[in-house]
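Q: Pasting in a structure now, in structure tokens, and then I'll have a few things to ask.
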Amino acid sequence: MTSSSPPAGDKSVDPRKLLRVLNELFNEEDLRDLCFDLRVRDPDVDYDNLPGRAKKDKARELIIFYSHRKRLGVLVAAIIDLRPNISWDEIQLEESDEDPTAGSITLPPGLSQPQDKSKTLIASKSFTALIRLMSRPDMRNAVIAFQKDFEAASEQIALMNDYKLVHDLFQELENRYYLIFNDQKRLPDDDLAWDGITINEPELQGKIHDLLNVARTATFATEDARWTEQLKTIGEDIRTAVEEYNYDKLKTGTSRLFRVLNRYPSRVNAQLVTAAGALRLDSLVDAMTTINKNLAEIDITLDTMIEEIQNGAEALASLDERLTALVKEHNAWQEVDDEIRRVKTSLYLGIEELENSWFDLEPMTRDLVNGQPEEWAVSLTKVIDKLNEALAEKGFVTVRRTFLQYQSQVGRRFRQVDLNLLTLCQELQRVGESLDLVLRQFHK
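In my numbering, the protein residues as written are 60 to 503.
Quick look at the structure:
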């Protein structure tokens with residue numbers, strides 16, 4: 060029998076090959092059995108609730124479901140458990156193939172996205188070692204003892220992924236909104252603007268559809284669902300406006316969409332940061348370290364596996380340190396940004412409110428830039444000094460212009476930290492997938 064544990068390599072699953080496997084080797088009842096098996100760990104998986112009527116359509120939606128959640132490896136493991144003759148090699152993405160699931164984060168101009176994924180890869184491989192370890196009855200209990208720690212971390216990482224998925228979909232929806240809005244500005248004078256709107260409207264509807272699908276998962280079941288109802292109505296109104304070439308109805312629909320985009324993405328981002336802050340990677344580090352110690356006592360011949368698990372524990376500790384630092388810095392910049400926004404609303408009346416707030420804003424900002432050698436910190440320090448001088452001279456125009464420079468540089472750094480945190484949350488999904496593969500072994 061072929062093992063359902065993943066290979067040690069770094070290749071991704073190819074969803075196209077996976078769809079071919081499900082379509083050719085699974086009938087409808089087989090697919091129902093697969094969904095039933097998957098529901099042990101993921102209650103959101105339900106065959107009857109998968110969109111589509113034909114078996115292939117439902118298989119495709121199942122793959123999309125796990126692809127969005129960065130858990131295709133879990134789906135593959137369940138498939139191989141039911142069809143042991145299938146190997147991981149058959150559905151892996153080859154180096155020459157273009158990865159159709161590769162997500163991208165749209166970067167604001169000048170911002171960079173960190174690319175180092177080595178720590179998550181090392182941690183992931185250590186969990187693969189645990190799967191191999193659990194095939195030995197004398198070692199299984201050493202791993203199962205930490206089931207609750209693995210489950211808690213897996214659930215929290217999955218929660219982070221759901222928030223990040225919605226965050227990214229809102230970003231894509233905003234891009235589609237601006238494509239339509241830019242054409243809308245030419246109306247009613249230029250009737251040809253409807254051509255561009257007609258082309259982009261189906262894509263906008265697709266993003267709304269994706270958002271509403273994600274919002275039906277357990278993560279969002281107990282939250283304020285007002286934005287989902289608003290999006291549904293907005294999508295219907297914009298579709299009708301385009302079908303009827305109704306400028307007034309289109310203008311109303313896009314205005315309502317702008318309000319949603321201006322309000323809810325920031326809330327989702329705050330929920331993502333909260334979820335990241337609640338992730339206890341240190342518990343995983345303790346679990347892996349203890350497992351390693353027990354292994355050494357049970358069987359000293361497992362040197363290679365012990366080293367692999369120890370490397371994973373060290374990688375997780377590094378990820379925990381990085382995540383903790385990013386969440387702390389993100390929250391600090393958020394506090395500065397909130398105060399800046401409050402001050403800016405009164406700045407056109409005078410500088411008194413800024414003078415009062417600067418007693419807090421200056422030390423808060425300096426705490427974040429002190430000791431940082433990067434160009435952003437040096438530049439921001441100069442602007443802080445310049446704003447101090449302007450406030451001392453009390454020249455309204457100079458103070459206002461310098462404050463706007465300060466706001467711009469703070470916002471730029473805040474966006475970079477936010478991007479770094481989002482990227483790390485995405486990288487951690489590799490760890491989450493590996494954890495889920497370990498947890499599957501507990502039910503066998």
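For glycine and all other residues, C-beta sits at the position ideal for the given N, C-alpha and C.
Any idea what DSSP makes of Q230, helix, strand or coil?
A: In this structure, Q230 counts as helix in the three-state DSSP scheme.
Q: Ignoring anything shorter than 4 residues, give me the alpha helix (DSSP H) runs that lie fully in the stretch 67-109, in order along the chain.
A: DSSP runs (the alpha helix (DSSP H)) wholly in the stretch 67-109: 74-84, 87-97.
Q: Please state whether DSSP places Q464 in a helix, a strand or coil.
A: Three-state result, Q464: helix.
Q: Can you confirm whether the stretch 136-152 touches the stretch 103-116 when touching is taken to mean that 3 or more C-beta pairs between the two stretches lie within less than 8 Å?
A: The stretch 103-116, when compared against the stretch 136-152, does not touch it at the 8 Å Cβ threshold.
Q: Taking the alpha-carbon of F501 as reference, which of L192, R75, C94 has the nearest alpha-carbon?
A: Checked all of L192, R75, C94; the closest Cα to F501 is L192.
Q: Go to I350, then tell me how far its alpha helix (DSSP H) extends in each direction, as first and last residue.
A: Note, I350: alpha helix (DSSP H), 340-357.
Q: On the CB-based measure, 16 or more other CB atoms within 10 Å of its CB, does R401 come out buried or exposed?
A: Exposed, because fewer than 16 other Cβ atoms sit within 10 Å of the Cβ of R401.
Q: Pull up the distance between the alpha-carbon of K308 and that of D249, whole angstroms please.
A: Those two C-alpha atoms are separated by around 17 Å.
Q: Nearest-angstrom Cα distance between Q215 and E388?
A: Taking the straight line from one Cα to the other gives about 20 Å.
Q: W286 lies in the alpha helix (DSSP H); which residues open and close that run?
A: Its alpha helix (DSSP H) spans residues 285-303.
Q: May I ask which residues mark the beginning and end of the alpha helix (DSSP H) holding L378?
A: Taken as a continuous stretch (DSSP letters only), the alpha helix (DSSP H) holding L378 covers 362-406.
Q: In chain order, what residues of the same chain lie with their CB nearer than 8 Å to the CB of V319, ignoring the 5 residues before and after it?
A: Only W286, Q289, L290, I293 meet the Cβ criterion.
Q: May I have the straight-line CA-CA distance separating S71 from I139, to the nearest angstrom?
A: Their Cα atoms are separated by approximately 16 Å.
Q: Work out the CA separation of L338 and A201 for me, nearest whole Å.
A: So the two alpha carbons sit approximately 23 Å from each other.
Q: Evaluate P432 with the Cβ neighbour count: other Cβ atoms within 10 Å of its Cβ, from every protein chain shown; 16 or more gives buried, anything less gives exposed.
A: It counts as exposed.
Q: Taking 8 Å as the limit between beta carbons, can you name the residues of its chain near I365, skipping five residues before and five after?
A: N351, L354, A355.
Q: Among L375, L406, V458, D477, which one has its Cα closest to the Cα of V490?
A: The option with the nearest alpha carbon to V490 is L375.
Q: Under the assumption that V469 contacts V395 (Cβ atoms under 8 Å), give the Cβ distance between them as a whole number of angstroms.
A: About 6 Å separates the two Cβ atoms, so the contact holds.
Q: Residue range of the alpha helix (DSSP H) that Q264 falls in?
A: Per DSSP, Q264 belongs to the alpha helix (DSSP H) from 252-274.
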